[in-house]
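S.K.: Let me give you the structure first, and then I'll get to my questions.
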Amino acid sequence: MYIIYVYAISVCIEYYVLKQIVFKYTPGEHNVCYVYQHCNIPPHFEGYALKSGNDKFVLHKPGKFHFVCAIGGNGKHCEAGMKLCVDVLPTPTP
Ligand SMILES: [Cu+2]
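Numbers 1 to 94, taken from full-length UniProt numbering, label the letters of the sequence shown in order.
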């Protein structure tokens, strides 16, 4: 499990397929949206956002996953740096 306490980082982290990442933050102040591209957030996406402050997301396939905070409209929090890219790698063979 990879715990993200403040996802105010604009870099990619590497993690493995079928592992879980957890976003922890103060509910109501931020949220977590899974998007295709950073800060390009259609308005209706906010409705799909995870909002609990303890949001778990399973990385179900290899590839690049992008998560952003959709609060503030028009990618405001995202533009301020609340974005995370996870480069999901195949599980290493022992
Ligand atoms: Cu935010």
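Backbone N, C-alpha and C fix where the C-beta goes; we use that ideal spot for every residue, glycine too.
Relative to ligand 1, is the shortest distance from any of its heavy atoms to the C-beta of GLY31 smaller than 8 Å?
M.R.: For the purposes of this step, residue 31 is taken as the residue at position 31 of the sequence shown. According to the sequence shown, residue 31 is Asn rather than Gly. Yes.
S.K.: Express the C-alpha separation of PHE65 and VAL11 in angstroms, rounding to a whole number.
M.R.: For this step, residue 11 is matched to residue 11 along the sequence shown. For this step, residue 65 is matched to residue 65 along the sequence shown. Each residue's Cα considered, the two are about 12 Å apart.
S.K.: Report the residue from MET1, CYS39 and HIS30 whose alpha carbon sits nearest the alpha carbon of CYS85.
M.R.: The sequence position of residue 85 within the sequence shown is 85, counting from 1. The option with the nearest alpha carbon to CYS85 is CYS39.
S.K.: Under the rule that 16 or more other beta-carbon atoms within 10 Å means buried, what is LEU18, buried or exposed?
M.R.: Indexing the sequence shown from 1 puts residue 18 at position 18. LEU18 comes out exposed.
S.K.: So, for PRO90: in the same chain, excluding its five sequence neighbours on each side, which residues have a beta-carbon less than 7 Å away from its beta-carbon?
M.R.: Working through the sequence shown from its first residue, we reach residue 90 at position 90. If we look at PRO90 and ignore the five residues flanking it on each side, its Cβ neighbours are VAL17 and PRO62.
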